[in-house]
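Everything on this sheet refers to the single structure shown next.
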Amino acid sequence: MKTQEPFAFRLKAVSMTFPEKDGELEALENIRFEVPPSQFLCVLGPSGSGKSTLLRLLAGLLNPTAGEILYPQTRQPSVGLVFQQANLMPWRDVWANISLPLELRGVDAKEIDERTHEMVELVGLQEFVHTWPATLSGGMAQRVAIARALIQDPDLLLLDEPFGALDAITRERMGGELLRIWELRRKTVVLVTHSISESLLLSDRVIVLTHRPGTIRLDMLNDLPRPRSEETRYDPHFVQLSRSLRKAIQ
Ligand code: ADP
Ligand code: MG
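Numbering-wise (the working numbering), the sequence shown opens with residue 673 and increments by one.
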């Protein structure tokens with residue numbers, strides 16, 4: 673077995689300021705927390721609290737203007753990103769969308785074939801490999817996006833309101849799917865969501881950001897026992913945690 677690193681990443685007094693026409697916009701201020709490997713972390717917060725900025729920092733797409741982000745390995749970890757919109761290539765079928773990251777990296781055909789097959793199975797799209805994106809439902813398209821994010825076996829899976837555009841029932845089902853995948857793959861996951869109940873059904877921990885500039889209002893362990901189900905919503909402890917989160921967001 674691989675020796676377990678003590679943490680997946682650590683933020684040390686991270687701030688992010690964007691230049692504006694007349695001054696600066698402080699998006700995140702003095703964010704500090706550490707995430708252990710394989711943790712499922714949810715980030716909640718009002719619109720404009722810097723949630724997406726936080727993910728872009730973790731993805732290495734932005735550099736903090738102050739503080740630093742540490743990883744156990746000295747290199748930037750590999751990341752899989754999933755956004756609210758699946759952003760699939762309309763001229764490539766499901767199979768070719770999932771395999772794209774490996775093609776771009778010049779991986780050999782046999783390996784592309786094997787890994788794409790594995791991802792298709794993982795997200796349950798066996799019957800849709802030759803389907804065009806235009807004919808997929810929102811939930812199906814997000815499955816493709818998740819498979820595409822995981823095909824490179826990233827160190828971190830970062831999801832920015834991935835189910836925000838789905839109807840409530842599909843959203844619940846996709847949450848369950850994501851959980852099943854996480855249990856199989858044990859990636860470190862950071863999921864940004866607006867939904868308190870989604871965060872409680874999925875995560876090990878929930879961080880709530882304040883309104884701009886985003887600071888940590890609450891860093892809460894989610895100790896609801898797993899496996900969780902829709903029934904968990906009626907657990908008195910769920911109700912209690914959900915009340916704490918609601919209070920922190922207001
Ligand atoms: P959230 O995802 O929580 O809604 P964001 O991280 O998208 O918040 O944005 C936080 C704040 O930073 C917002 O006020 C937003 O307008 C600003 N912001 C985000 N990205 C940029 C950028 N590239 N340039 C200037 N301002 C930005
Ligand atoms: Mg956002």
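Cβ atoms here follow ideal geometry from the backbone N, Cα and C, with glycine treated the same way.
Look at glycine 752 and leucine 829 and say whether their C-beta atoms are less than 8 Å apart.
The residue you call residue 752 lines up with position 80 of the sequence shown. The residue you call residue 829 lines up with position 157 of the sequence shown. Yes, they are a contact pair.
Mark leucine 742 as exposed unless 16 or more other C-beta atoms lie within 10 angstroms of its C-beta, in which case mark it buried.
On the sequence shown, residue 742 is found 70 positions in, with the first residue counted as 1. Classification of leucine 742: exposed, given that the 10 Å Cβ count is below 16.
Which runs of the alpha helix (DSSP H) at least 4 residues long sit entirely within the segment 810-898? Give them in chain order.
810-822, 840-857, 868-874
Mind checking which residues open and close the alpha helix (DSSP H) that includes arginine 915?
Translated into positions along the sequence shown, residue 915 becomes position 243. Residues 908-921.
Cβ of lysine 782 versus every heavy atom of the ligand MG: is any distance shorter than 7 Å?
Here the question's residue 782 lines up with position 110 in the sequence shown. No, Cβ of lysine 782 sits at least 7 Å from all heavy atoms of the ligand MG.
Measuring alpha carbon to alpha carbon, tell me which of Pro897, Pro908, Gly886 ends up nearest glycine 720.
Here residue 720 is taken as the residue at index 48 of the sequence shown, counted from 1. Among Pro897, Pro908, Gly886, the Cα nearest to that of glycine 720 is on Gly886.
For the alpha helix (DSSP H) holding serine 724, just list the boundary residues, first then last.
One-based indexing of the sequence shown puts residue 724 at position 52. Residues 723-730.
Restricting to Cα atoms, I'd like to know which of Leu730, Asp827, Thr842, Trp763 is closest to arginine 815.
On the sequence shown, position 143 is the one that residue 815 refers to. Among Leu730, Asp827, Thr842, Trp763, the Cα nearest to that of arginine 815 is on Thr842.
Is it buried or exposed, tryptophan 763, if we count other Cβ atoms within 10 angstroms and call 16 or more buried?
Here residue 763 refers to the residue found at position 91 when the sequence shown is read from its first residue. It counts as exposed.
Option in Leu697, Leu733, Gln824 with minimal Cα separation from glycine 778:
The residue given as residue 778 occupies position 106 in the sequence shown. For the residues Leu697, Leu733, Gln824, the minimum Cα distance to glycine 778 belongs to Gln824.
In this structure, how does DSSP classify glutamate 677 when only helix, strand and coil are distinguished?
Within the sequence shown, residue 677 is the residue found at index 5, counting from 1. Coil, per DSSP.
Proximal residues to glutamine 756 (C-beta, below 7 Å), its chain only, five neighbours per side dropped
Within the sequence shown, the letter at position 84 stands for residue 756. These residues qualify, in order along the chain: Asp832, Glu833, Pro834, Gly836, Ala837.
Member of Pro899, Asn735, Glu849, Asp891 whose CA lies at the smallest distance from the CA of lysine 919:
Counted from its first residue, the sequence shown places residue 919 at position 247. The candidate whose alpha carbon is nearest that of lysine 919 is Asp891.
Measuring CB to CB, does leucine 772 end up less than 8 Å from arginine 820?
Position 100 of the sequence shown, counting from 1, holds the residue named residue 772. Position 148 of the sequence shown, counting from 1, holds the residue named residue 820. A contact, by the Cβ cut-off of 8 Å.
Report yes if the CB atom of methionine 688 is closer than 8 Å to the CB atom of leucine 734, and no otherwise.
For the purposes of this step, residue 688 is taken as residue 16 along the sequence shown, with counting starting at 1. For the purposes of this step, residue 734 is taken as residue 62 along the sequence shown, with counting starting at 1. Result yes, Cβ atoms of methionine 688 and leucine 734 sit closer than 8 Å.
Looking at C-beta atoms only, is the number of pairs between the segment 860-880 and the segment 909-916 that lie closer than 8 Å three or more?
yes
Spatial distance of proline 897 from glutamate 677 (CA atoms):
As a position in the sequence shown, residue 897 is number 225, starting the count at 1. As a position in the sequence shown, residue 677 is number 5, starting the count at 1. In a straight line, the C-alpha of proline 897 is about 24 Å away from that of glutamate 677.
Tell me the DSSP secondary structure of serine 771 in three-state form.
Position 99 of the sequence shown, counted from the first residue, corresponds to residue 771. Three-state result, serine 771: helix.
Does the distance between the C-beta of serine 871 and the nearest non-hydrogen atom of the ligand MG fall short of 7 Å?
On the sequence shown, position 199 is the one that residue 871 refers to. Outside the cutoff, so no.
Just to confirm my understanding: we take aspartate 827, look at its own chain, exclude 5 residues before and 5 after, and list those with CB closer than 6 Å. What are they?
What you label residue 827 is simply residue 155 of the sequence shown in a count that begins at 1. If we look at aspartate 827 and ignore the five residues flanking it on each side, its Cβ neighbours are Pro749, Ser750.
Glutamate 701: first and last residue of the uninterrupted beta strand (DSSP E) it sits in
Translated into positions along the sequence shown, residue 701 becomes position 29. First-last of the beta strand (DSSP E) with glutamate 701: 695-707.
With the ligand ADP as the reference, list in chain order each residue whose Cβ lies under 6 Å from any of its heavy atoms.
Phe690, Leu697, Ala699, Gly717, Ser719, Gly720, Ser721, Gly722, Lys723, Ser724, Thr725, Arg884
Environment of leucine 893 [buried if 16+ CB atoms lie within 10 Å]:
As a working mapping, residue 893 is identified with position 221 in the sequence shown. Exposed: under 16 other Cβ atoms inside 10 Å.
Apart from the five residues just before and just after leucine 923, which ones in its own chain have a Cβ nearer than 6 Å to its Cβ?
Outside the shown range of the chain (673 to 922) lies residue 923, about which nothing can therefore be said.
The beta strand (DSSP E) that contains valine 754, what's its start and end?
Residue mapping note: residue 754 aligns to position 82 of the sequence shown, counting from 1. 751-754 is the span of the beta strand (DSSP E), which, as asked, contains valine 754.
Can you give me the start and stop residues for the beta strand (DSSP E) that glutamate 740 sits inside?
Numbered from 1 along the sequence shown, position 68 holds the residue referred to as residue 740. From DSSP, the beta strand (DSSP E) with glutamate 740 extends over 738-742.
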